[in-house]
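Everything below concerns the one structure shown next.
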Amino acid sequence: MQEKILVTGGAGFIGTHTVIELIQAGHQVVVVDNLVNSNRKSLEVVERITGVEVPFYEADIRDTDTLRDIFKQEEPTGVIHFAGLKAVGESTRIPLAYYDNNIAGTVSLLKAMEENNCKNIIFSSSATVYGDPHTVPILEDFPLSVTNPYGRTKLMLEEILTDIYKADSEWNVVLLRYFNPIGAHESGDLGENPNGIPNNLLPYVTQVAVGKLEQVQVFGDDYETEDGTGVRDYIHVVDLAKGHVAALKKIQKGSGLNVYNLGTGKGYSVLEIIQNMEKAVGRSIPYRIVDRRPGDIAACYSDPAKAKAELGWEAELDITQMCEDAWRWQSKHPNGFED
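Sequence positions in the sequence shown follow our numbering and run 9 to 347.
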């Protein structure tokens, strides 16, 4: 029997790529998204790529009554939960919006799930929960600490999901701690919507490459790293999406509560990313060194061995592929889904 999976935030960057992988793995998918950070057109692209029509509900997960109706109508067997606000900087300016959307929204979702006896959830967490790690690479059992409201929402939700599992062992919960998803679908028709100010490095670099921004600001070159710039674990969004399909297999076996890092295990500096994008674009990308951002750390990259051992998953696409795919998307669609 085909599993039916409800994907919250399924019209977003990671959500759409995951919907494609779920469909290609034989699952039925239902998407719920309020389109605050996404675009309905992204799902039209998903339907074109997969040849499958995806049931879509424009709804806010804080609206528990609407969620109840969706669960009754669709009867999903599991949920992959992406929906939420996700910009670290913005979270320090409007923390209440983050607590409302991310915490209250997820509690609303969990109520609707419980009432409809849907007790399988894969939660989109983040490497942010590790704070400034005492050493790298980062293992899942490292101490957790957060330095901003966005990270706090992720950690609180991990704790809430853990409490729910401890209270009721019928729940199956997988917490996926992502590192830095970049890249785009190989078609060049699906990627991170570039409108507005980018929150992540790579969309910033691609916007400079396409001429929408003048130069890349590199925040600090005096970190204790090889070239002085911050080092992060960048993972192709398609590899990340496949990690969710692997986690779903685990949940279907009745796995209890599990936590996994999803990263490549390799760290790349800001300057290395710029250099790799220059190769993909075929020209130089101007950048300027500016002051460090408060709260930024020197290096953060994963040890993904647990995901490989228990889920049979590992990242396969390298930094060259990530940059080439990101550039194909940006150059084909400089205004994102508005084109």
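Positions of the beta carbon are idealized from the N, C-alpha and C atoms, including for glycine.
Starting from residue i, trace the alpha helix (DSSP H) both ways and give me its first and last residue.
i	result
E122	113-123
F90	Segment: none, F90 is in no alpha helix (DSSP H) and carries neither H nor E.
S195	First-last for S195: undefined, no H or E at that position.
V54	48-58
I78	72-82
F21	21-32
V216	209-217
Y106	103-106
For residue i and residue j, what's the separation of their Cα atoms in angstroms?
i	j	result
D333	V53	16 Å
R240	V60	35 Å
V226	S134	23 Å
Q338	K174	45 Å
G219	A19	27 Å
N156	Y106	11 Å
A307	D197	32 Å
A192	I130	22 Å
I146	S292	33 Å
M9	L279	Unreliable placement is indicated for M9, whose pLDDT of 48 sits below 50; the coordinate value is still reported in the next sentence. Rounded to whole angstroms, M9 to L279 spans 48 Å at the Cα level.
L431	A217	Not covered by the structure: residue 431. The range shown for the chain is 9 to 347.
T100	Y158	8 Å
Identify, in the order they occur along the chain, each residue of the same chain with its Cβ nearer than 6 Å to the Cβ of residue i, setting aside the five sequence neighbours on each side.
i	result
I78	Y65
G251	L270, W321
Going by beta carbon distance, what residues of the same chain come within less than 8 Å of residue i, once the five residues before and after it are set aside?
i	result
S263	N180, V182
Could you give the residue range of the beta strand (DSSP E) that holds residue i?
i	result
H244	242-244
D41	36-41
L348	In the structure displayed, the chain extends from 9 to 347; residue 348 sits before or after that span and is not available.
N128	128-134
V224	224-227
Where does residue i land, buried or exposed, given buried means 16+ other C-beta within 10 angstroms?
i	result
S132	buried
E167	exposed
N171	For clarity, residue 171 is Asp in the given sequence; the question names Asn instead. Exposed, since its Cβ has fewer than 16 Cβ neighbours within 10 Å.
R301	exposed
E232	exposed
A46	Note that residue 46 corresponds to Ser in the displayed sequence, not to Ala. Buried is the call here.
E123	exposed
S177	exposed
K340	exposed
K119	exposed
Q81	exposed
For residue i, which residues from the same chain have a beta carbon less than 7 Å from its beta carbon, with the 5 sequence-adjacent residues on both sides left out?
i	result
F345	N47, K49, S50, N201
Q: Note down, one range per segment and in chain order, each beta strand (DSSP E) of at least 3 residues found wholly within the region 253-333.
A: 265-270, 295-298
Q: Output the residue ranges of the alpha helix (DSSP H) runs that lie fully inside the region 145-188 and measure 4 residues or longer, sorted by chain position.
A: 157-175
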